[in-house]
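Report on the structure given below.
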Amino acid sequence: MKTSSYDALKKILTAKDFIKDLRQAKHFVHTGKLESYHNVRLKYMPKRIHLQFNGMFVRSILAILDHNNNTKKTLIGEKVVFSKPLGRFTIKNSYNKTQNNWKRDIMSTIIEEAEKEISPRPFDVQKECNTDIPKNIYRTPRPPYEELKSKRYSRFT
Numbered sequence: 024m025k026t027s028s029y030d031a032l033k034k035i036l037t038a039k040d041f042i043k044d045l046r047q048a049k050h051f052v053h054t055g056k057l058e059s060y061h062n063v064r065l066k067y068m069p070k071r072i073h074l075q076f077n078g079m080f081v082r083s084i085l086a087i088l089d090h091n092n093n094t095k096k097t098l099i100g101e102k103v104v105f106s107k108p109l110g111r112f113t114i115k116n117s118y119n120k121t122q123n124n125w126k127r128d129i130m131s132t133i134i135e136e137a138e139k140e141i142s143p144r145p146f147d148v149q150k151e152c153n154t155d156i157p158k159n160i161y162r163t164p165r166p167p168y169e170e171l172k173s174k175r176y177s178r179f180t
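Take 24 as the starting number for the sequence shown in the numbering used here and just add one per residue.
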């Protein structure tokens with residue numbers, strides 16, 4: 024004996040989108056923490072600023088330390104916010120503020136090491152990590168400036 028409830032449930036469970044999502048959900052693939060890390064990473068390495076490899080490397084480490092030291096924030100309540108995508112007000116969880124004690128710990132360690140009067144050596148990522156960094160990312164050689172300038176205003180190139 025089939026009922027309307029059975030038909031509604033069958034329709035939901037056999038929907039193509041649901042089955043497609045279920046394949047991902049059965050492996051507990053959830054990207055929330057990765058997205059959270061990428062958000063923290065943007066604080067240290069904005070996309071609009073060009074950085075040398077050493078700067079990128081060190082800033083990546085700072086982003087990792089910041090993210091790892093703030094992963095266990097506790098829920099303190101809820102707040103009402105306006106959601107632009109939804110076009111209405113909605114409720115979001117509110118968490119404790121991020122802690123930056125790890126920065127003080129690093130700075131105090133640096134000061135302690137500096138007070139030991141050990142001669143500092145420059146840190147070079149290429150030597151420390153055995154990486155080979157190309158001079159540029161372009162696959163074609165750079166054309167002369169005059170050639171680029173002549174093609175800039177031409178409609179036929």
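Even for Gly, the Cβ is constructed at its ideal location relative to N, Cα and C.
The model shown is predicted, which means the values in this text are computed figures rather than measured ones.
Report the start-end ranges of each alpha helix (DSSP H) in the segment 28 to 55 that is 4 residues or longer and not cut off at the edges. With a minimum length of 4 residues, the continuous alpha helix (DSSP H) runs that stay inside the segment 28 to 55 are 39 to 48.
With a threshold of 7 Å, establish whether the CB of F41 neighbours any heavy atom of the ligand HEM. Ligands in the displayed structure: none, and consequently the ligand HEM is not present.
Could you spell out where the alpha helix (DSSP H) holding R127 opens and where it closes? N124 to E138
Taking the CB atoms as reference points, tell me whether Y60 and R82 lie closer together than 8 Å. no
Please report the distance separating the alpha-carbon of E101 from that of S131. 36 Å
Between the alpha carbons of R64 and N123, how many angstroms are there, rounded? 15 Å
So G100 is in the beta strand (DSSP E); what residue range does that whole segment cover? L98 to S106
Segment contact, 8 Å Cβ cut-off, at least three pairs: the segment 90 to 98 with the segment 111 to 118: yes
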